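One structure is given here, and the rest of the page talks about it.
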Amino acid sequence: MNQAAPQNMPSSAKLIQLMGTVSLVCGLLIVSTHQATLAPIRANQETIMRQTVAELLPGANKQITYGVDGSGNLTVLQGVDAPGPKLFAGYDASGKLIGVVLEGADRGYADVIRAMYSYSLEKQAIIGFKVTELKETPGLGDKIVTDPKFLANFKELDASLKNRIVTVKSGTKKNKWEIDAISGATISSRAVGRLIDKSAKEMIPIIQRNRQRIEGGN
Amino acid sequence: MAHAHGNAPSPSESMEAFLNGLWKQNPVFVQVLGMCPTLAVTNSARNAAAMGLATIFVLVCSNTLISLVRKLVQKQVRIATYILIIATFVTMVDYIIKAVSVDVYKALGPFIALIVVNCIILGRAEAFASKNSVGKSILDGLGMGLGFAIALFCLGGVREILGAGTLFGVSLFGPNFQPWVLFLLPSGGFFTLAGWLLIFTWWKERKKRMAEAQQ
Amino acid sequence: MSAPSLTPEIVLHTSPHLHSARSVGVIMRNVVYAMLPICLYGVYNFGISVVALLVVSTLSCVLTEHMFCRAAGRPSSIKDSSVIITGILLGLTLPPGFPLWMAAVGGFVAVGLGKMLFGGLGFNVFNPALVGRAFLQAAFPTAITTYTPALANGRFAEFIPTTLTFPFAQPPVITEWIARVRIDAFSGATPLTALKFDKIGTGLTPLFWGNVAGSAGETSVILILLGGLYLVARNFMDWRITAAMLLSAFVLSGVFHLSNPAAYPHPLFMLFSGGLMLGAVFMATDMVGSPVTPLGVWIYGGVMGALTILIRLLGGLPEGVMYAILIGNAVSPMIDNLTQPRVYGTQRKTGARA
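Here it is, written out as structure tokens:
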């Protein structure tokens, strides 16, 4: 230590040098961890996405992820972490299109509920539904994940868009485009209706327009 | 802690550094530090264990590195240096958890990043690692980290058993059990913590009284 | 070891030094008398399940207080009857078919957490019965929102199936049972729930007399008012709190109603439905939790009435009286502080507060 600053005050250069060295070491540590974990993180996300799509479209061996741009055109995506709306098309072993999985979100009781649902072009109907993010009250709002009667709504929910998809009071479902609410979890049930309606209105016309391309799988 | 110049610590001293955090100076039950993760992520035993492990990792690593560089760091920039080192290990944990399990990552959410501001970690860096040898600092980090993890597990276990009737996802009482939803909600964290503190205080008072009676 | 005594032997305080013979016990016994007709009507309305519910919640409260006093090495304070009121009030605010084991848990939490841990009667910050109910609402949200229809068939011959749920087990689903015993199309939804989630209104006449679904003792407006009048007439209750709470609820819901009559119900419906009347008469007026200054009492009531309406109309829950009163209890020391009257002969300094 050869500086003559009073009260042992080290020079700024010395402090900067120290911080710089520590930063360099820290930076190296972070970058190497990032590099090492990049592949497993990506693989994890893709596995989860594939599992969800396979669950919503039973029998889908092959999957293609499409990104949707602002003007409704499709591009084939490789990973799953690209931003923006996406479609997940599922095909059976012979390469025939089974259906398309879509994402939706709307405000529930506690926070935004995110969900994925599958759409069959053939039946013009929603044929599967799964909540992917939920912070509703345990025991009440989370029934939308577990209640078998509620999930039965999505075996074949009319999505021809001639009628608005809507949640109705528990036990009063009369039409194929209505969702029977869970009594005691009305707010969460309604959010599910809204999130499907909103997303279906936006995405299904795009799917119809690009039908040939999706069926061809390119 | 007079050993500022890293003489080889005696075994009893090392043991004390380790046991202090585990029990006598338990960060949650005695020092009541790091309440944010304690209350926020202990709604299941698995989340609590994951948070505990992440904290142990950060605490041991940051204690080690800080102890290594303790003679180089000038006191004017020590807090900045410590935070830089702590943040580095937290970022690493963040990546590692994401790579190991997306479910755990989703459950812990923003609280992984918030380990940076967990006062236990900066507290140990400032109070212990910056003044003690590497060996003792590692033991201190291990003891404090384990003490924290055990406390989180005590909370998470009780909350999961009462709130869902399960432990680590395994059903304990069969499907007919009525879950006490309250314990999964944030307020349940306060109730459970209060319960444990009550037990600890009562036990300590009792011990004190018994010691007094013997004299 | 000597525990610090909470009842010192020598009491030194300012005037008044003369007290009437009106002990805590006398007041409390009169409150119990005022609640008896409400209990009886609850039994008439919902059947024998309510008898069991009231007995269990009261016993649980009394036993808890006794146990805590024993554990602290103090003489038991159950004789002053205040704990009996807590037990009855807790029972009256629960759904008629509420599982008995949950009611017992509620009683334990009400008295243990809401009263004894603070130091017993006079030291509790919150109304103990409501602390118990708030705990139950958070712990068992499904059970506490499962209501059964009023005047059901065979209500004096059999219990509501959920009442006798085995301890720590889930109550059974009673949709089919309700369909079997109901006398009209009512599914057991309370007037407020029916309005909030299904947009179905309820007439004012049944609300006034009380033959509607709801918690065991909250349905009959007329009996609650009569009980309140009895207490006011005997000077056991501060009528200004009740008046302020009802008035502010009426005015605020009136403003909402006038701004959009289609979306917001008539203010009289708001006054007569749910637990507002029971809360305003028997819970908000709890002497321990309310302010003592004349102006503070009005503010306190006004805050609680307004909060009730805001939670009901803008919040996610159909009913808000419980939380409104608990918040009122929490701010009551602050209200007291802000409304200290000027001492005669002194001048109020600007900006200075007592």
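Residue numbers (this note's numbering), protein chains in the order written: chain A, 2 to 219; chain B, 30 to 244; chain C, 9 to 362. Note that beta-carbon positions come from the ideal geometry of N, C-alpha and C, so glycine has one too. These figures come from a predicted structure and were not determined experimentally.
Item to complete: Would you mind reading off the limits of the beta strand (DSSP E) that contains residue 76 of chain A?
Response: If you number the first sequence from 1, residue 76 of chain A lands on position 75. Boundaries of the beta strand (DSSP E) harbouring residue 76 of chain A: 75-78, taken from the DSSP string.
Practice prompt. Out of B:174, B:202, B:187, point me to the one whose CA is closest to residue 74 of chain B's CA.
Written response: Working through the second sequence from its first residue, we reach residue 74 of chain B at position 45. It is B:187 whose Cα lies nearest to the Cα of residue 74 of chain B.
Discussion item. Among the candidates A:18, A:90, A:51, A:62, whose CA atom is the shortest distance from the CA of residue 218 of chain A?
Written reply: On the first sequence, residue 218 of chain A is found 217 positions in, with the first residue counted as 1. Out of A:18, A:90, A:51, A:62, A:90 has the C-alpha closest to the C-alpha of residue 218 of chain A.
Worksheet item: How would you label residue 67 of chain B, buried or exposed, when you count the other beta carbons within 10 angstroms and need 16 or more for buried?
Response: In the second sequence, counting from the first residue as 1, residue 67 of chain B sits at position 38. So residue 67 of chain B counts as buried.
Item to complete: Mind checking which residues open and close the beta strand (DSSP E) that includes residue 216 of chain A?
Response: Reading the first sequence from its first residue, position 215 is the one you call residue 216 of chain A. Residue 216 of chain A: not part of any beta strand (DSSP E); member of the alpha helix (DSSP H) spanning 212-217, first to last residue.
Worksheet item: Does any C-beta atom of chain B lie closer than 8 Å to the C-beta of residue 146 of chain C?
Response: For the purposes of this step, residue 146 of chain C is taken as residue 138 along the third sequence, with counting starting at 1. With 8 Å as the cut-off, residue 146 of chain C counts as an interface residue toward chain B.
Discussion item. I want to see whether chain E comes within less than 8 Å of residue 188 of chain A, judged by CB atoms only; does it?
Written reply: Protein chains in the displayed structure are A, B and C, and chain E is not among them.
Discussion item. Considering only their Cβ atoms, is the gap separating residue 198 of chain C from residue 221 of chain C smaller than 8 Å?
Written reply: As a working note, residue 221 of chain C is residue 213 in the third sequence. As a working note, residue 198 of chain C is residue 190 in the third sequence. Cβ atoms of residue 221 of chain C and residue 198 of chain C: closer than 8 Å.
Item to complete: Determine the chain C residues that contact residue 214 of chain B at a beta-carbon separation under 8 Å, and present them in chain order.
Response: In the second sequence, residue 214 of chain B corresponds to position 185, counting from 1. The contacting residues are 146.
Worksheet item: Does the stretch 53-60 of chain B come close enough to the stretch 174-185 of chain B that 3 or more CB-CB pairs lie under 8 Å?
Response: They touch, by the three-pair rule.
Discussion item. Going by C-alpha to C-alpha distance, which of A:44, A:167, A:50 sits closest to residue 199 of chain A?
Written reply: Translated into the one-based positions of the first sequence, residue 199 of chain A becomes position 198. Considering only alpha carbons, the answer is A:167.
Discussion item. For the stretch 17-32 of chain A, list every residue whose C-beta sits within 7 Å of some C-beta in chain B, in sequence order.
Written reply: From the stretch 17-32 of chain A, only 19, 20, 23, 24, 27, 30, 31 have a Cβ closer than 7 Å to chain B.
Worksheet item: Under a three-way DSSP split, which group does residue 9 of chain C fall into?
Response: Taking the third sequence and counting its residues from 1, the one referred to as residue 9 of chain C is at position 1. For residue 9 of chain C, the pLDDT reaches just 41, beneath the cut-off of 50, and the residue's location in the model is therefore unreliable, leaving the point undetermined.
Worksheet item: With C-beta atoms as the reference, is residue 160 of chain C less than 8 Å away from residue 190 of chain C?
Response: Position 152 of the third sequence, counted from the first residue, corresponds to residue 160 of chain C. Position 182 of the third sequence, counted from the first residue, corresponds to residue 190 of chain C. Taking 8 Å as the Cβ cut-off, residue 160 of chain C and residue 190 of chain C qualify as a contacting pair.
Worksheet item: What are the boundary residues of the alpha helix (DSSP H) that includes residue 181 of chain A?
Response: Position 180 of the first sequence, counted from the first residue, corresponds to residue 181 of chain A. Secondary structure note for residue 181 of chain A: it is in no alpha helix (DSSP H), and the uninterrupted beta strand (DSSP E) holding it is 179-181.
Worksheet item: Taking Cβ positions, are residue 314 of chain C and residue 256 of chain C nearer each other than 8 Å?
Response: Within the third sequence, numbered from 1, the residue matching residue 314 of chain C stands at position 306. Within the third sequence, numbered from 1, the residue matching residue 256 of chain C stands at position 248. Contact flag set, yes.
Worksheet entry | Residues near residue 91 of chain C by beta carbon distance below 7 Å, same chain, minus five either side | For the purposes of this step, residue 91 of chain C is taken as residue 83 along the third sequence, with counting starting at 1. Around residue 91 of chain C, the same chain offers 69, 70, 73, 119 as residues with beta carbons nearer than 7 Å, after the five sequence neighbours per side are excluded.
Fill in: Straight-line gap, residue 329 of chain C to residue 258 of chain C (C-alpha atoms, nearest Å)
As a working mapping, residue 329 of chain C is identified with position 321 in the third sequence. As a working mapping, residue 258 of chain C is identified with position 250 in the third sequence. A straight-line Cα-Cα distance of about 14 Å links residue 329 of chain C and residue 258 of chain C.
Practice prompt. Report yes if the CB atom of residue 345 of chain C is closer than 8 Å to the CB atom of residue 135 of chain C, and no otherwise.
Written response: If you number the third sequence from 1, residue 345 of chain C lands on position 337. If you number the third sequence from 1, residue 135 of chain C lands on position 127. No; because the gap between Cβ atoms is not below 8 Å, this pair is not in contact.
Fill in: Rounded C-alpha distance that separates residue 137 of chain B from residue 166 of chain C
To locate residue 137 of chain B, count along the second sequence from 1; it is residue 108. To locate residue 166 of chain C, count along the third sequence from 1; it is residue 158. Taking the straight line joining both Cα atoms gives about 48 Å.
Worksheet item: When you check each C-beta in the stretch 288-311 of chain C against every C-beta of chain A, which residues fall closer than 7 Å?
Response: The residues in question: there are none.
Practice prompt. With 8 Å as the threshold, decide whether the Cβ of residue 84 of chain A is near any Cβ in chain B.
Written response: Counting from 1 along the first sequence, the entry for residue 84 of chain A is found at position 83. For residue 84 of chain A, the answer is no, since every Cβ of chain B falls outside 8 Å of its Cβ.
Fill in: Selection of the stretch 37-69 of chain A by Cβ proximity to chain B, strictly under 7 Å
Interface annotation for the stretch 37-69 of chain A against chain B: 38, 41, 42, 45, 46, 49, criterion Cβ-Cβ distance under 7 Å.
Discussion item. Cutting at 6 Å between CB atoms, please list the residues of its own chain near residue 211 of chain B, excluding the five before and the five after it.
Written reply: Indexing the second sequence from 1 puts residue 211 of chain B at position 182. The residues are 217.
Practice prompt. Express the C-alpha separation of residue 52 of chain B and residue 244 of chain B in angstroms, rounding to a whole number.
Written response: As a working note, residue 244 of chain B is residue 215 in the second sequence. As a working note, residue 52 of chain B is residue 23 in the second sequence. Near 25 Å, if we compare the C-alpha coordinates of residue 52 of chain B and residue 244 of chain B.
Practice prompt. Kindly give me the distance between the Cβ atoms of residue 109 of chain A and residue 197 of chain A, rounded to whole angstroms, as I take these residues to be in contact under 8 Å.
Written response: On the first sequence, residue 109 of chain A is found 108 positions in, with the first residue counted as 1. On the first sequence, residue 197 of chain A is found 196 positions in, with the first residue counted as 1. No, residue 109 of chain A and residue 197 of chain A are not in contact; Cβ-Cβ is about 13 Å, not under 8 Å.
Discussion item. For a test of the three-state rule: what should DSSP assign to residue 133 of chain A, helix, strand or coil?
Written reply: Stepping through the first sequence from its first residue, residue 133 of chain A is reached at position 132. Under the three-state reduction of DSSP output, residue 133 of chain A falls in the strand class.
Fill in: Where residue 139 of chain A meets chain B, residues with beta-carbon distance less than 8 Å
Position 138 of the first sequence holds residue 139 of chain A. Near residue 139 of chain A (Cβ distances below 8 Å), the residues of chain B are 192, 193, 208, 210, 213, 214.
Worksheet item: Between the stretch 131-150 of chain A and the stretch 105-122 of chain A, are three or more C-beta pairs nearer than 8 Å?
Response: Yes, the stretch 131-150 of chain A touches the stretch 105-122 of chain A.
Fill in: Sub-8 Å separation of residue 96 of chain B and residue 162 of chain B beta-carbons
Numbered from 1 along the second sequence, position 67 holds the residue referred to as residue 96 of chain B. Numbered from 1 along the second sequence, position 133 holds the residue referred to as residue 162 of chain B. Yes. Within cutoff.
Discussion item. Would residue 100 of chain A and residue 87 of chain A qualify as a contact pair, given that the criterion is a beta-carbon distance under 8 Å?
Written reply: Counting from one through the first sequence, the residue named residue 100 of chain A turns up at place 99. Counting from one through the first sequence, the residue named residue 87 of chain A turns up at place 86. Not in contact: residue 100 of chain A and residue 87 of chain A (Cβ atoms no closer than 8 Å).
Worksheet item: Nearest-angstrom Cα distance between residue 77 of chain B and residue 133 of chain B?
Response: The sequence position of residue 77 of chain B within the second sequence is 48, counting from 1. The sequence position of residue 133 of chain B within the second sequence is 104, counting from 1. When rounded, the distance between both Cα atoms is 10 Å.
Worksheet item: To which residues does DSSP link residue 64 of chain A through a beta bridge?
Response: To locate residue 64 of chain A, count along the first sequence from 1; it is residue 63. The partner list for residue 64 of chain A (beta bridge, DSSP) reads A:91.
Worksheet item: Hey, residue 45 of chain C and residue 231 of chain C are a contact pair by Cβ (cut 8 Å); roughly how many whole angstroms apart?
Response: Locating residue 45 of chain C in the third sequence gives position 37, where the first residue counts as 1. Locating residue 231 of chain C in the third sequence gives position 223, where the first residue counts as 1. The Cβ separation is near 5 Å, so the contact holds.
Worksheet item: So, helix, strand or coil for residue 34 of chain B, using DSSP?
Response: Residue mapping note: residue 34 of chain B aligns to position 5 of the second sequence, counting from 1. The pLDDT assigned to residue 34 of chain B is 45, lower than 50, so where the model puts this residue is not dependable; a value taken from the coordinates is nonetheless given after this. In the three-state DSSP reduction, residue 34 of chain B falls in the coil class, being neither helix nor strand.
Item to complete: Could you check what DSSP says for residue 113 of chain A in three-state terms: helix, strand or coil?
Response: In the first sequence, counting from the first residue as 1, residue 113 of chain A sits at position 112. Strand at residue 113 of chain A.
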